[in-house]
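Residue 53 in my numbering sits at position 53 of the sequence shown, with consecutive numbering throughout.
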Amino acid sequence: MSVIVKVDEKGRVVIPKSIREKVRLKEGEYVNVKVEGKTIVMEPLKSVADKYFGAFRISRWPEDLDEFMVGVARRWWMIQDT
1 MSVIVKVDEK GRVVIPKSIR EKVRLKEGEY VNVKVEGKTI VMEPLKSVAD
51 KYFGAFRISR WPEDLDEFMV GVARRWWMIQ DT
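Here you go:
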């Protein structure tokens, strides 16, 4: 699927609804933007919660798993410095 979109004065582009639906990209989600040669590639990023949904059986998930994982990573980095 290919469409032509215009870049606005701030460098923004609008991803057409048909493409967002095809890759299941929703408002508020993130995309990874990278350059490969002279090509711009945008890939949807799924949250930690989406990636591991159903993989673990636990009694209670944190309310915001992504925020929880950021906290875990920060604590881990602090331990590494000591």
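Yeah, the Cβ is synthetic: ideal placement off N, Cα and C, and Gly gets one too.
Three-state secondary structure (DSSP) of residue i
| i | result |
| --- | --- |
| Ile-40 | strand |
| Leu-25 | coil |
| Lys-6 | coil |
| Lys-46 | coil |
| Val-35 | strand |
With 16 other Cβ atoms within 10 Å as the buried cut-off, status of residue i
| i | result |
| --- | --- |
| Leu-45 | exposed |
Reference residue i; option with closest CA among the options
| i | options | result |
| --- | --- | --- |
| Gly-28 | Arg-57, Val-35 and Arg-20 | Arg-20 |
Whole-angstrom C-beta distance between residue j and residue i, which should lie under 8 Å
| i | j | result |
| --- | --- | --- |
| Met-42 | Val-31 | 5 Å |
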